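This report refers to the structure that appears directly beneath it.
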Amino acid sequence: MKERRKVILITDGDEFAKRTIELIAHDIGGSCISASKGNPTILTGEEMVHLIKKAHSDPVYIMFDDSGYIGEGPGEKAMTFVANHPDIEVIGAIAVASRTHHEEWTKVDVSIDRFGELTEYGVDKSGIADMDEGRIVGDTVYCLETLNIPFIVGIGDIGKMARVDSIEAGSPITKQAVKLILERSGML
């Protein structure tokens, strides 16, 4: 039996997210599918699976973005296809907060605020703890609960959070989220 590719889903696809995830793949290991960048997502789920299968090493980091679409947008459609594919094993997801006007949210197992503290509460786009326990508001998170993902980490906007998560700072919050997922999956 062919081994399934181990994948981490990231619910952000802008240029900041792309550059941050490329840095994480370089620093921690794994493969960033840079072509999955897009705001909104432009690749189909089938195209993403093809790229994941060609990646040089696991974990494979792949980005999805709905750009504020109401309900299931292109990022969530692609994410659902990828997560349900028999050759893919999703080991975790990074649920990225946004200032959506449509109040899409998902449950998270833990969040990391912009100070690097684990919290049972969700966080907002700036990485500040919210009032909602165990959930995060974002624009590409609506379908996460339906995908049987073993571990979901909520964070503020990747590569930003008042410059705390910038590339120049080494993107410590995103890096911490990835390490948590890798620890939980037994890969680290």
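For the sequence shown, UniProt numbering assigns the number 1 to the initial residue and increments by one for each residue that follows.
For each residue, glycine too, the CB sits at the ideal point set by N, CA and C.
Every value quoted in this text rests on a predicted model; they were computed, and no experiment measured them.
query	result
Tell me, please, which residues DSSP counts as bridged to Met63.	Ile10
Got a sec? Which residues, its chain only, sit under 6 angstroms from Phe55 by beta carbon, not counting five neighbours each side?	Reading off the sequence shown, one finds Ala at residue 55, where the question assumed Phe. Answer for Ala55: Ser31, listed in chain order.
From the DSSP output, in three-state form, read off Val110 for me.	strand
State whether the region 136-149 contacts the region 67-79, with contact taken as three or more CB pairs (one from each stretch) at a distance under 8 angstroms.	yes
Quick check on residue 194: does DSSP put it in helix, strand or coil?	Residue numbering for the chain in the displayed model covers 1 to 188; residue 194 lies beyond these limits and cannot be assessed.
Can Ile10 and Phe64 be called in contact, C-beta distance under 9 angstroms?	yes
With DSSP collapsed to three states, give me the class of Asp27.	helix
Tell me whether Ala55 sits in a helix, a strand or coil according to DSSP, three-state version.	coil
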